[in-house]
Structure formats: structure tokens, C-alpha cells
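These notes concern the structure reproduced below.
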Amino acid sequence: MKTCFKLAVASLAVLASLAAHAQVFRQVGMAPVNGVRRIATGNKPNAHRQIEALEQQWRQAQLKCDTDTLGKLMSEDYIGISANGMVQTKQQMVDRVMTRKINITRMDVDDLKVKIINGSTAVVTSQVDVDGEMDGRSMHGKYLYTRVYARQAGGAWKVVNFEATRIRPNLQQASAK
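Everything in the sequence shown is counted per the working numbering, starting at 10 for the first residue and increasing by one.
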């Protein structure tokens, strides 16, 4: 009888843990916004919709070299890491866009996912197909990126971190098989 009781208590502990993790998994969503391939639909929490809208603003600002909007979207302590390993602050990023050292002319977003953590952090992952120029050289290819948003004291979301990784063409072909 003692063994059955212990087994029942252990089972309840496992079920409680699974229920808690299920809540986290339910928070992952995909973006149905213009310029981004529609992957999934349904009712999404407001925070997901806010982040998806900010992602669309970021994309449009990059395409238009709109440094005012980019500056408003980034936190003061923003850190970005480009696919070539360049680490940039908010001011450095704005300056590079303003001087056209980075000039994105096409950015097709696919498989955008938003994960909200504790209501105050949002992690966005996606794949983008990009054309443009960086430091006077042609830039074309597919990249994976992660962008992290933090909810600020006034409730607004700001980008605090960005990192991009180039998908090598031979890996693209291998994953398609």
C-alpha cells in the first residue's frame, strides 16, 4: 500500500510539472503579418500581437532606412551581433543605417515565432531571405535571427538584443532533402 501511495504522489508531481511546461509551450506563436508568410492562425495573446506588429515595424524601417523608427524600437542598452560577428550598440546600428553602410533592399521573413516569457520578455526567431549591401559589398542570402524584446517600465516593448546567423548554401540544400 505504501508503494502505491508513493507512486500516486510521484505521478501527481510529474503531471503538475507537465502542466506548468504546457503553459510555456502554449505561449509560442507564429506571425500572420504582411511581408511574413502566414504559418498559423488563431487567437493569440495581446503580447504576441504587439511583438508581431513591432517586428513588422522593424522590417519596414530597415527597408526604408528609417533610423527614427529603428531608434524608437531599440532600448538604450541594445546590443546586436551581425552574421559576420560585428557587435553593435544602438547608436552604432543607427549610424550604420543612416550612412547606408547597411542597406537592406529586400527582406522576406519566413517561419516567424514569438515566445513570451513571464510577460516581460519576448524572444523572436525567424528565417529571412535578404538582399542589400553591407560596407559596400553585395549582401544576399538566408539568415536565421533571434531578436529579444523587454517590456519597459511604461509597458512599451523595446529590442534589447539581436543576433543573426547566415545559413550556408550547402546546409540549405542538405536540409531540403
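Quick reminder that beta carbons are idealized off the backbone N, C-alpha and C, glycines included. Computed from a predicted structure; not experimentally measured.
Endpoints, the alpha helix (DSSP H) within which I60 is located | Looking at the DSSP string, the run of the alpha helix (DSSP H) that includes I60 is 55-73.
Item to check | Minimum C-alpha distance to V168 - residue among L72, P54, T78, D120 | outcome: Cα-wise, what sits closest to V168 is T78.
What does the alpha-carbon distance come out to for the pair G128 and R160? Approximately 8 angstroms, taken between the alpha carbons.
- request: Give the straight-line distance between the Cα atoms of R175 and E85, rounded to the nearest whole angstrom.
  value: So the two alpha carbons sit approximately 26 angstroms from each other.
- Item | Extent of the continuous beta strand (DSSP E) to which L97 belongs | At residue 97 the sequence reads Gln, which differs from the Leu that was named. Under the DSSP assignment, Q97 falls in the beta strand (DSSP E) whose first and last residues are 96-98.
- Residues in its own chain within less than 6 angstroms of N170 by CB, not counting five upstream and five downstream? So the qualifying residues of the chain are I88, V157.
Three-state secondary structure (DSSP) at K167? K167 sits in a strand when the DSSP states are folded into three classes.
- Can you say whether S147 is buried or exposed, counting buried as having 16 or more other CB atoms within 10 angstroms of its CB? Exposed.
Can you confirm whether the stretch 104-119 touches the stretch 63-74 when touching is taken to mean that 3 or more C-beta pairs between the two stretches lie within less than 8 angstroms? Touching, per the Cβ criterion.
Please name the residue in H149, T76, A131 whose C-alpha comes closest to that of G164. The shortest CA-to-CA distance from G164 to any of H149, T76, A131 is the one to A131.
Looking at D144 and K110, is the spacing between their C-beta atoms short of 7 angstroms?
Taking 7 angstroms as the Cβ cut-off, K110 and D144 qualify as a contacting pair.
- Query: Near A138, which residues of its chain fall below 6 angstroms by C-beta distance, leaving aside the five closest residues on each side in sequence?
  - Reply: A small fix is needed here, since residue 138 is Asp in this sequence, not Ala. Around D138: D117, K151.
Would you kindly check if the distance between the Cβ of T134 and the Cβ of T108 is under 7 angstroms? Not a contact, by the Cβ cut-off of 7 angstroms.
What are the boundary residues of the alpha helix (DSSP H) that includes G128? Careful: G128 lies outside any alpha helix (DSSP H) and carries neither H nor E.
I113 beta carbon less than 7 angstroms from that of G141
The answer is yes: Cβ separation under 7 angstroms.
- Query: Which residues share a DSSP beta bridge with I90?
  - Reply: Looking at the DSSP output, I90 sits in a beta bridge with V96, E172.
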